[in-house]
Amino acid sequence: MNLSMDDGISGKAIRVDYDFTKGTGYGGIQKWFPIDLPENFEISFYVRAESPSNNFEIKFIDERGENVWWVNYRNYDFPEEWTRIRIRPRHIDFAWGPTDDRSLKRIDRIEFTIASFVGGNGTIWIDNLTIETLDPIPEFYPQPLVNSASAARKQGAQLMLDGSLETWWLSKKRRKQYVVLDFQVRREIGGIEIDWLEGYAARAFEVLLSPDAIQWEKVYSVSANQGNTSFIRLSEAEARYLRINFLERTHPKSIGIRELKLLEIEQSVTINDFLRHVAGHSPEGDYPRYFRDEASYWTVMGVNNDRKEALINEEGMVEVDKALFSIEPMIKMGDRVYNWSHVDAQQSLDFFIDYPGFQFSPSVTWTVEDVQFVTGISASGEANKNSQLNIGYLFKNFSSEIKELELYLLLRPFQVNPNYQFLNLPGGAGRIESIREANPGRAINVDGKLIYSLRNYDGFSAIGFDDGSPVGFLRQGIIPEQKAVSDPKGLASGLLKYSIRLQPGELTEFFLVVPFYDQQRDPLMLGNEKIREEFQKTNKFWEDKIDLIRFNLPQSAEKILDTYRSNLVYILINRDEAGIQPGSRSYERSWIRDGSLTSSALLKAGIVEEVRDFIQWYAPYQFENGKVPCVVDFRGPDPVPEHDSHGQLIYLIREYFNFTQDTAFLRRLNPNVLSAVNYIESLVQERSTDYFKYGIDSIRAYYGIVPESISHEGYSEKPMHSYWDNFFILKGLKDAVEIQRILGNEEALEYTTGIRDTFTTNLYNSLRLAMKTRGIDYIPGCVELGDFDPTSTTIALSPCNELKKLPKPEVYNTFERYYEFFKSRRDGTREWVNYTPYENRLIGSFIILDQPERAHDLIDFFLDDQRPQGWHHWAEVVWKDYRNPSFIGDMPHTWVGSDFLNAVRSMFVYENELDELLVLAPALYQDWIDAPEGMSVENLPTYFGHLSYAIQKAEGHYVFSIFGDLELPSNGLEIRNFNQSKKPVRVIINGEESLDFSESKIRVSEFPAEVVIYY
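Going left to right, the sequence shown walks through residues 1464 to 2478 as the working numbering numbers them.
Take a look at the structure:
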């Protein structure tokens, strides 16, 4: 980045030349600007640029630089000519910082930042930065005065402002008609809502604004209104007068308005604000649920490795691609229109496809007047080339009567991703600028994306936003004749009509195909039966992909197993090419943090290729100094320091070797390992100075650990010296040592061993001093706060395997305290608002702590918070209020899902690296081992090979058969917590009496083995 002075509007401007050489990053300029802000103000400046679209951030920072407010123009289309930007208090959001008071009252610094969205290079000029005090916004504005060109007797213009739909203004028969509002003061308005008198609406009209009733500016025009209500967005408008000129009538004589309402400025600042207003003033169900301030949940569909994913929400609306448009079903029977607001929708992963095995076809089922209606989705084709979304619609008549109905598929400029989802990709409004019929009866073109109907539709209409409400037309039985429409506001819609006639008991289905990419093959040549086969093939692909481990468990395990299998699929769908990502919208980036732990879950399920691809893709993004980027996306590596990342890359490389024994791969990646160790050493040196070494105890707690960072999300407001970071650093160093030992690198072994040992000593000294100086009896989350954060602390147990070394009783106190908290939340004795299901990790912690009953309690609780239940996944955030319309991260959030996978796997087996043994069956449910038909699990991948075992209960004993393809660990196997940890009276292993057992442990030193356990 280079700064210089250049010609401005008048005089000189600041010129910023930037080049995101690695694709990602950020940079900017900062100006000291200390000022106490008035109640109302406007900050303005001029900008022009020669730049690709990147994020343009204007930040307002306090004196200490800790608290930041901002205006963030994401993916900003920089103007080529000088353009004035005005910022008022309503535009400014709190960004981050530790303050509790998030209202902006004072600025000490202003910062202009360019952050990579697409990357590249460019030049930006900024000039004429000013701040102006504005009059305070009044609590109430005066009632507007209104006059019109004419009015019928007793139907004057003032009636359109009286707040009643029972009165109205009606014009006389005159050629020119208009209405003028005088606000009596200059004021901001967000738009207008016009409720037309039925039959007397204006077909064409224009809206003008003026400061003085002399000079008028046209700000909006409508040419083809056919609806009963017009919603006009006037974003950031300010005027004294508003005029509506009526250009064309629907009635031959008059214009009639029941009510004209002004939108407050806050109701249209963004397109989502405006659509919330529209939905709130329309019948329930006319717009997506989330626009009525109710949460709506969803799931994902795509092809393994593909960059493209579709979404379906719990109401049955399907988003065909990121941030574009959706297809929403509605049914008309007789005169009644049914939409999501009239049905009790049920969700599952089973579409009505005749497939005997594991199904993965997310579906939504409605029941309307004894007719079952199912929407299901699948994806097929070659990733990143010709993949396609397949949407199935199925009807079944459960009555004894013939049913006639109409299915309407609305093509809508809305996302499934809701408006309260703001991170990375704002949800809510999508975009449809152009919609037209591409092949009559069979195909529609929406902004260049084709929708193919494999059954001829019986009607199609293209509708602009200003034409009227598509759902309103359905209720009126009116289908506009337009076959094409352009809407520069991006709010066009389409209607596909299908006439359905069902005999008693009849089932009928048809499909839509929406290609993710331009492709050569014509889906219309495939036909319904071929797409049914595509659904089946997709199910077969996923079943084969995730079916290495064979579970034979009682019916009571079904929910756990459904969640286990489904989340493996979700992980693979959320991947973009080689990048493992926790989501497909808000979190469509590849963090090494998420990726390493998710990769471990995949390896434990026998999914290897995708993990190798991820490592080989991610490792080259390591910086020259050895720093491992916290996250990589299509722009490249992110330079933000998050110090867990360096240990996590090393851990992942070693974890891959643990399951594959691929020494050649390990050797190839070892330079990355050693480079990361070098960088870790340099970080540790920053906290190894005499200041930290010889300071008071509270200062010495920082000695020899890595510096503060924001990697643990609890510290995003302000970086901290996180033990999450430091335990992952320790894990990376331990694995780096073992990698050198495996490869026979004696010199590197000595080097890494020294760093590991010194760091281990310093880390545990830090823990001891932090607990002492903060006066706590649990493991803290960070040095500074001494905070209680068991969801973070759990990684010290797994994957870091430090239970033996962790301070006692503090580590036990940590999880005891968490469990008491958990119980009070579960039992309703503690108030709570939300939580993150990262707490799934604690299931594994209680298993390692030999407390399986507590692990089961957590499993039951977290499974109950899957939303909706039938899709078997979690978002990143669970709100107690099911319909709370607040940010939930992403859905399905597959790092959360992988936490559950890792925990469930530890119910059956886990590696105890410190004791060099394999722990078997430590958290099986009692009804599983007592099942009359027995239970078994086969082909569990472990560090030592594939493990299988079967358990059969008999009179007075259990037969525990251990088999598979396994190299026995040096200290053998250990059956743990079996049969509620009751002490056996006798144990026979391969026909020989064994005395090596206790209440909770049975040691097995042979393989294969038949263990007979008597009680």
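Idealized CB from N, CA, C, for every residue including glycine.
Worksheet item: In the DSSP assignment, what are the bridge partners of V2094?
Response: W2054
Item to complete: Count the CB pairs spanning the segment 2091 to 2106 and the segment 1486 to 1497 that are closer than 8 Å, and state whether there are at least three.
Response: yes
Item to complete: Would you check if there are 3 or more beta carbon pairs closer than 8 Å linking the segment 1787 to 1800 to the segment 1736 to 1743?
Response: no
Worksheet item: In three-state terms, what does DSSP make of A2318?
Response: helix
Practice prompt. Count the C-beta pairs between the segment 1595 to 1605 and the segment 1572 to 1586 that are closer than 8 Å, then say yes if the count reaches three, no if not.
Written response: no
Discussion item. Am I right that N2434 and S2463 are in contact with their C-beta atoms under 8 Å? What's the rounded C-beta distance?
Written reply: That pair is no contact at about 16 Å.
Practice prompt. Using DSSP bridges, identify the partner residues of W1631.
Written response: DSSP lists no partner for W1631.
Worksheet item: Where DSSP assigns a beta bridge to R1894, which residues make up the other side?
Response: DSSP output for R1894 lists no bridge partner at all.
Fill in: Buried or exposed (CB count within 10 angstroms, at least 16 for buried), T2061
buried
Practice prompt. Just the C-alpha distance for F1519 and G1585, rounded to the nearest angstrom, thanks.
Written response: 12 Å
Item to complete: Pull up the CB-CB distance for I1942 and E1772, whole angstroms please, since I reckon it's below 8 Å.
Response: Between E1772 and I1942 the Cβ distance is about 32 Å, and since that is not below 8 Å, they are no contact.
Discussion item. What does DSSP give as the partner residue(s) for G1583 in the beta ladder?
Written reply: F1483
Worksheet entry | 6 Å CB neighbourhood of N1908 in its chain, flanking five on each side removed | R1899, A1901
Worksheet item: Within 10 angstroms of its Cβ, does W1495 collect 16 or more other Cβ (buried), or is it exposed?
Response: exposed
Discussion item. Which complete beta strand (DSSP E) runs does the segment 1605 to 1649 hold, if anything under 3 residues is left out?
Written reply: 1608 to 1611
Discussion item. I'd like the list of long-range same chain contacts for E2294, defined as Cβ closer than 8 Å, with 5 residues on each side in sequence excluded.
Written reply: none
Worksheet entry | A1558 versus N1688, L1886, Q1493, M1464, residue with shortest Cα-Cα distance | L1886
Discussion item. So, with DSSP's three-state summary, where would you put D2039?
Written reply: strand
Item to complete: Helix, strand or coil for Y1871, going by three-state DSSP, please let me know.
Response: strand
Worksheet entry | Where F2086 falls, given that 16 or more other Cβ within 10 Å makes a residue buried | exposed
Fill in: The beta strand (DSSP E) enclosing T2224, as first and last residue numbers
Segment 2209 to 2237 is the alpha helix (DSSP H) holding T2224; no beta strand (DSSP E) there.
Worksheet item: Does the beta-carbon of W1762 have 16 or more other beta-carbons within 10 angstroms, so that it is buried, or is it exposed?
Response: For the record, residue 1762 in the displayed sequence is Thr; it is not Trp. With 16 or more other Cβ atoms within 10 Å, it is buried.
Worksheet item: How far does the beta strand (DSSP E) with N2303 in it reach, from first residue to last?
Response: N2303 -> no beta strand (DSSP E), and no H or E assigned at all.
Worksheet item: Helix, strand or coil: which one does DSSP assign to I2452?
Response: strand
Item to complete: Answer yes or no: do N1853 and V1682 have a C-beta to C-beta separation smaller than 8 Å?
Response: no
Discussion item. Taking the beta carbon of A1842 as the centre, do at least 16 other beta carbons fall within 10 Å, making it buried, or is it exposed?
Written reply: buried
Worksheet entry | Rounded straight-line distance, which links the Cα of V1732 to that of F2325 | 38 Å
Fill in: Backbone secondary structure at A1786 - three-state DSSP
coil
Worksheet entry | Helix, strand or coil at W1559 [DSSP, three-state] | strand
Discussion item. For A2472, which residues in the same chain have their Cβ closer than 6 Å to its Cβ, ignoring the five residues on either side in sequence?
Written reply: I2425, I2452, N2453
Fill in: From A1892, G2427, T1830, V2200, residue whose alpha carbon lies closest to that of S1789
A1892
Discussion item. If you measure between the beta carbons of A2199 and T2215, is that distance less than 8 Å?
Written reply: yes
Practice prompt. Give the DSSP-derived three-state secondary structure of N1691 in the structure shown.
Written response: coil
Discussion item. Please report the distance separating the alpha-carbon of D2393 from that of Q2415.
Written reply: 7 Å
Worksheet item: Bridge partners of Y2298, per DSSP?
Response: V2341
Discussion item. So for V2157, helix, strand or coil by DSSP?
Written reply: First, the residue type needs correcting, since residue 2157 is Tyr and not Val in the sequence shown. Residue state, collapsed to three classes: coil.
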